[in-house]
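Peer 1:
Number of protein chains: 2
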Amino acid sequence: MGHGRVSLREERRPRAQAVARDQALSASPEVDVRVVLFTVAGGQLRVALPRDGDDVRLPRGTLLPNQALDSEARRIVRDTIGFEEQYAEQLYTLSLQEPSGWVLIISYLGLITDSSDGASSRSDLWYPVDRLPKVVAIDRMVIEYALLRLRAKLGYTTIAFHLLRPTFTLSELQATYQAILGRPLDKRNFRRRVVAAGFLEATGDQHREGSHRPALLYRFRAAHDRETYLTPAWSTDA
Amino acid sequence: MGHGRVSLREERRPRAQAVARDQALSASPEVDVRVVLFTVAGGQLRVALPRDGDDVRLPRGTLLPNQALDSEARRIVRDTIGFEEQYAEQLYTLSLQEPSGWVLIISYLGLITDSSDGASSRSDLWYPVDRLPKVVAIDRMVIEYALLRLRAKLGYTTIAFHLLRPTFTLSELQATYQAILGRPLDKRNFRRRVVAAGFLEATGDQHREGSHRPALLYRFRAAHDRETYLTPAWSTDA
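Same order as they appear, the protein sequences are chains A and B.
Heads up: the first sequence runs through residues 0 to 237, numbered per numbering that gives the first Met the number 0.
Heads up: the second sequence runs through residues 0 to 237, numbered per numbering that gives the first Met the number 0.
Now the structure itself:
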C-alpha cells in the first residue's frame, strides 16, 4: 500500500468552493467521478481531455445521492464523446483533503474504438498519452494509473478488443498493442504469441488494401472469459 | 456494467442511524470501509467475520475526513486479527441508498498466512467460504465479489503467495489452490502448469514429514512482476 501523504491542491474547483462551507463542518465528502477515456487513433493511444475554461481536465461529474455510480460514469462518457463507451471499469477510489474540503475521487477506465470518421483524432479533445497537456496533479496521477492498469491487462487479457473494430488484421492488432505499450514489437514474436494465446479466430474473410497482398481478418473469440480480467460491476449499481 | 437496482437494506446500522437526520438533507455520503480478509487454514479458504452483537459482519470502519483510505483498511485488519495483513488491495466502491441515508462502501481484499498456532482456525472469527453464516445482503455480495476476484487472479498471478509461508512444498501449493478454487485439481496437470508458468524456484531445501519421502521446498520468484496483477495503491493515500 502507498505511503507518504502528498498535497494535491486542485487549481480550480468552482462547484466545490460553493459547498466548501458545509463540507468543512461535515464528516461527509463530496464525491467526484472521473473517467480516463482511451482510444487508439492515428497509431497513438489517446486520452480525452475536454476543455474547461482555460484548462483541460478529465471528464468528470459530481455524484449525487440518488445516482448510481456506474450510470454516472457512463453519463460522463456520453457527455464527452456523444456516445457510449465500449468498455468501462472502476479503477480506484481516492480520499483527498482539498482546501475546499474532503473529496472522494472515484476513477473509471473507459475504452472506445476510433470511429470511421476519424473523430478520435480531434486534437481539441484527444491527446496522445506521451504528449499530455498540463493538467492538475491529481488528473495526471489518475491518467498514469489508468495507463498502468491498461498496459498490465494487455499481458493477460483480451482488453485490446475494446479498442479495435469487430474484425481486424494481425497488423492492425499489432499496431494497437504498440500504441498502448508505447514501443515497437517484433512482428514474428508478436504473431507467435497472440496465436499461441488462443484468443483469436480467423473470420475466413480477407482485407485488401491498395496493391498489398490481402490480409486475413480475425476476431477475438467471444468465449474468452471476461471474468478473468474485468473488474466487474455490481448489479446493485444500476 | 451492471443493470437493475436492487434494494439492499442493512439490518442494523446504529452509527448510521445516529447521523441519518443530517445525511437525509445532505448531498454527501457516509463512507464505509469494509475488508474481506481471507486465509487458508485446515485446508479451507476462510473469511474473517467478527461478531457484532447478535450478528457477524465484515470488518469495517467509518472513514473520517482526515483519514487515509488505505491506512483505514489496514487499521480495520489490525483491529480484527491483531496484526497487519500481508496483502491488501482496494476492490470496489459502491454507492447505496439505505434507509439511514446515502452510504459509499469502499471494499478491500486482504490476505494473510495462517499462523503457526492455528489461530486462523478459530471458529468464532474465521468461517469457511462454502459455509458462511447469515450476513446482511451487501456483506454477502462483497464477499462473493472478493472471492470472484481472488479466484480470477489465481489464474494469471502469484497472488496465492500471500496465503502461503515463504517456502512450501508443491503439495502445500496445490492444497492452497484447491482451497481457493473450492475444487480438487489433478496433481500432474497442476505441477506441470505451475512449473511451466515459471514463477517458482526451488530453495534447495527439503521438507520431511513423518515417514514420507522428503518433499522439495519452493518459493515464489521475487522477480515476478507485481504490477501485472496488483491493484496498486496510490502514493497520495498514506
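Every residue gets a Cβ at the ideal spot worked out from N, C-alpha and C, and that includes glycine.
Do you know how far the Cα of Asp69 (chain A) is from the Cα of Phe189 (chain A)?
Peer 2: Looking up residue 189 (chain A) in the first sequence gives position 190. Looking up residue 69 (chain A) in the first sequence gives position 70. Rounded to whole angstroms, Phe189 (chain A) to Asp69 (chain A) spans 35 Å at the Cα level.
Peer 1: I'd like the span of the alpha helix (DSSP H) that includes Thr79 (chain B), first residue to last.
Peer 2: In the second sequence, the residue the question calls residue 79 (chain B) occupies position 80. Note, Thr79 (chain B): alpha helix (DSSP H), 68-80.
Peer 1: Using the beta-carbon count (16 or more within 10 Å), is Lys133 (chain B) buried or exposed?
Peer 2: The residue you call residue 133 (chain B) lines up with position 134 of the second sequence. Exposed.
Peer 1: Using CA atoms only, rank isn't needed, just tell me which of A:Ser122, A:Ala67, A:Phe167, A:Phe198 is closest to Val55 (chain A).
Peer 2: Counting from 1 along the first sequence, the entry for residue 55 (chain A) is found at position 56. Here the closest residue by C-alpha is A:Ser122.
Peer 1: Between Asp129 (chain A) and Ala174 (chain A), what straight-line distance do the alpha-carbon atoms span, to the nearest angstrom?
Peer 2: Reading the first sequence from its first residue, position 130 is the one you call residue 129 (chain A). Reading the first sequence from its first residue, position 175 is the one you call residue 174 (chain A). Between Asp129 (chain A) and Ala174 (chain A), the C-alpha separation is close to 16 Å.
Peer 1: Listing by chain order, which chain B residues have their CB less than 7 Å from the CB of Pro127 (chain A)?
Peer 2: Taking the first sequence and counting its residues from 1, the one referred to as residue 127 (chain A) is at position 128. Going along chain B, no residue has its Cβ under 7 Å from Pro127 (chain A), so there is no contact; the nearest lies around 22 Å.
Peer 1: Does the beta carbon of Glu29 (chain B) sit closer than 8 Å to a beta carbon anywhere in chain A?
Peer 2: As a working note, residue 29 (chain B) is residue 30 in the second sequence. With 8 Å as the cut-off, Glu29 (chain B) counts as an interface residue toward chain A.
Peer 1: For Ser94 (chain B), which residues of its own chain have a beta-carbon under 6 Å away from its beta-carbon, when the five flanking residues on both sides are left out?
Peer 2: Position 95 of the second sequence holds residue 94 (chain B). Contacts found: Leu103.
Peer 1: Spell out whether any CB of chain E is found under 8 Å from the CB atom of Tyr176 (chain B).
Peer 2: Given the protein chain composition of this structure (A and B), no chain E is represented.
Peer 1: Cβ-heavy atom distance between Phe82 (chain A) and the ligand GDP below 7 Å?
Peer 2: Absent from the structure shown: the ligand GDP. Ligands present: none.
Peer 1: What is the rounded straight-line gap between the Cα of Thr38 (chain A) and the Cα of Ile158 (chain A)?
Peer 2: Taking the first residue of the first sequence as 1, we reach residue 38 (chain A) at position 39. Taking the first residue of the first sequence as 1, we reach residue 158 (chain A) at position 159. Their backbone Cα atoms lie some 12 Å apart in a straight line.
Peer 1: Quick one: any contact between the segment 144-161 of chain B and the segment 175-187 of chain B, if contact means 3 or more CB pairs under 8 Å?
Peer 2: The segment 144-161 of chain B vs the segment 175-187 of chain B: in contact.
Peer 1: List, in order along the chain, the chain B residues whose C-beta lies closer than 7 Å to that of Arg105 (chain A)?
Peer 2: The residue given as residue 105 (chain A) occupies position 106 in the first sequence. The question names Arg, but residue 105 (chain A) is Ile in the sequence shown. Neighbours of Ile105 (chain A) on chain B, chain order: Thr92.
Peer 1: For Gly41 (chain B), which of B:Ala201, B:Phe198, B:Leu163 has the nearest alpha-carbon?
Peer 2: Numbered from 1 along the second sequence, position 42 holds the residue referred to as residue 41 (chain B). Looking at the Cα atoms, B:Leu163 is the closest of the given residues.
Peer 1: Among A:Thr168, A:Tyr217, A:Pro58, which residue has its Cα nearest to the Cα of Leu124 (chain A)?
Peer 2: Taking the first sequence and counting its residues from 1, one reaches residue 124 (chain A) at position 125. For Leu124 (chain A), the nearest C-alpha among the options comes from A:Pro58.
Peer 1: Alpha carbon to alpha carbon, what distance is there between Glu71 (chain A) and Phe160 (chain A)?
Peer 2: If you number the first sequence from 1, residue 160 (chain A) lands on position 161. If you number the first sequence from 1, residue 71 (chain A) lands on position 72. If I take the Cα positions, the gap works out to 24 Å.
Peer 1: Under 7 Å between beta-carbons, which chain A residues line up against Gln43 (chain B)? List them in chain order, please.
Peer 2: The residue given as residue 43 (chain B) occupies position 44 in the second sequence. Within chain A, no residue comes near Gln43 (chain B); the closest Cβ sits about 23 Å away, beyond 7 Å.
Peer 1: Helix, strand or coil for Ser120 (chain B) per DSSP?
Peer 2: Here residue 120 (chain B) refers to the residue found at position 121 of the second sequence. Helix, per DSSP.
Peer 1: Since Val34 (chain B) and Tyr126 (chain B) should fall inside the 8 Å C-beta cutoff, what is the C-beta to C-beta distance between them, to a whole number of angstroms?
Peer 2: If you number the second sequence from 1, residue 34 (chain B) lands on position 35. If you number the second sequence from 1, residue 126 (chain B) lands on position 127. Actually they do not touch by this definition, with Cβ atoms about 15 Å apart.
Peer 1: Taking the C-alpha atoms as reference points, what is the distance between Leu172 (chain A) and Leu215 (chain B)?
Peer 2: To locate residue 172 (chain A), count along the first sequence from 1; it is residue 173. To locate residue 215 (chain B), count along the second sequence from 1; it is residue 216. For Leu172 (chain A) and Leu215 (chain B), the distance between alpha carbons rounds to 43 Å.
Peer 1: Could you name the residues of the same chain whose beta carbon sits closer than 6 Å to that of Val30 (chain B), not counting the 5 residues immediately before and after it, in chain order?
Peer 2: Translated into the one-based positions of the second sequence, residue 30 (chain B) becomes position 31. Taken in chain order, the residues that qualify are Leu62, Leu103.
Peer 1: Measure the beta-carbon distance from Tyr86 (chain A) to Leu110 (chain A) and round it to whole angstroms, keeping in mind my assumption that it falls under 8 Å.
Peer 2: The count along the first sequence starts at 1 and reaches residue 86 (chain A) at position 87. The count along the first sequence starts at 1 and reaches residue 110 (chain A) at position 111. That belief holds up - the Cβ atoms of Tyr86 (chain A) and Leu110 (chain A) are roughly 4 Å apart, short of 8 Å.
Peer 1: Grouping DSSP H, G and I as helix and E and B as strand, with all else coil, what is Ile111 (chain B)?
Peer 2: If you number the second sequence from 1, residue 111 (chain B) lands on position 112. Looking at Ile111 (chain B) - three-state DSSP - the assignment turns out to be coil, as it is neither helix nor strand.
Peer 1: Measuring CA to CA, which of B:Arg192, B:Arg187, B:Asp138, B:Lys186 is closest to Tyr155 (chain B)?
Peer 2: Counting from one through the second sequence, the residue named residue 155 (chain B) turns up at place 156. For the residues B:Arg192, B:Arg187, B:Asp138, B:Lys186, the minimum Cα distance to Tyr155 (chain B) belongs to B:Arg192.
Peer 1: Taking C-beta pairs closer than 9 Å, name the residues in chain A that Asn65 (chain B) reaches, listed in chain order.
Peer 2: The count along the second sequence starts at 1 and reaches residue 65 (chain B) at position 66. In chain order: Gln96, Trp101.
Peer 1: May I ask you to list, following chain order, the residues of the segment 46-70 of chain A that have a beta carbon less than 9 Å from some beta carbon of chain B?
Peer 2: Taking 9 Å as the Cβ-Cβ cut-off against chain B, the residues of the segment 46-70 of chain A that qualify are Thr61, Leu62, Leu63, Pro64, Asn65, Gln66, Ala67, Leu68, Asp69, Ser70.
Peer 1: Would you list the one or two residues that DSSP bridges to Ala60 (chain A)?
Peer 2: Stepping through the first sequence from its first residue, residue 60 (chain A) is reached at position 61. Sequence inspection shows Gly at residue 60 (chain A); the Ala mentioned does not correspond to that position. BP columns for Gly60 (chain A) point to A:Val32.
Peer 1: Is it true that the CB of Ile105 (chain A) sits closer than 8 Å to the CB of Val46 (chain A)?
Peer 2: Taking the first sequence and counting its residues from 1, the one referred to as residue 46 (chain A) is at position 47. Taking the first sequence and counting its residues from 1, the one referred to as residue 105 (chain A) is at position 106. No, they are not a contact pair.
Peer 1: Give the residues of chain A in contact with Ala26 (chain B), contact being defined as C-beta atoms less than 7 Å apart.
Peer 2: Sequence index remark: in the second sequence, residue 26 (chain B) carries index 27 (1-based). Within chain A, the residues near Ala26 (chain B) are Leu63, Pro64.
Peer 1: For a cutoff of 8 Å on Cβ pairs, would you count Gln89 (chain B) as touching chain A?
Peer 2: As a position in the second sequence, residue 89 (chain B) is number 90, starting the count at 1. Yes, Gln89 (chain B) lies at the interface with chain A (some Cβ there is under 8 Å from its Cβ).
Peer 1: How about Ala201 (chain B) and Tyr217 (chain B): are their beta carbons less than 8 Å apart?
Peer 2: If you number the second sequence from 1, residue 201 (chain B) lands on position 202. If you number the second sequence from 1, residue 217 (chain B) lands on position 218. Taking 8 Å as the Cβ cut-off, Ala201 (chain B) and Tyr217 (chain B) qualify as a contacting pair.
Peer 1: Within the same chain, show all residues whose beta-carbon is closer than 7 Å to that of Gln205 (chain A), passing over the 5 residues directly before and after it, in chain order.
Peer 2: For the purposes of this step, residue 205 (chain A) is taken as residue 206 along the first sequence, with counting starting at 1. Excluding residues within five positions, the ones whose Cβ falls inside 7 Å are Pro213, Ala214, Leu215, Leu216.
Peer 1: Report the CB separation of Pro28 (chain A) from Gln96 (chain B) in whole angstroms; it is logged as a contact under 8 Å.
Peer 2: By 1-based counting over the first sequence, the position of residue 28 (chain A) is 29. By 1-based counting over the second sequence, the position of residue 96 (chain B) is 97. About 17 Å; that fails the 8 Å criterion.
Peer 1: Does DSSP put Thr38 (chain A) in a helix, in a strand, or in coil?
Peer 2: Taking the first residue of the first sequence as 1, we reach residue 38 (chain A) at position 39. Correct three-state label for Thr38 (chain A): strand.
Peer 1: Drop a sphere of 10 angstroms on the beta-carbon of Phe198 (chain B), count the other beta-carbons inside from all chains shown, and report buried for 16 or more, exposed for fewer.
Peer 2: Here residue 198 (chain B) corresponds to residue number 199 of the second sequence, with the count starting at 1. Answer is buried; the Cβ neighbour count reaches 16.
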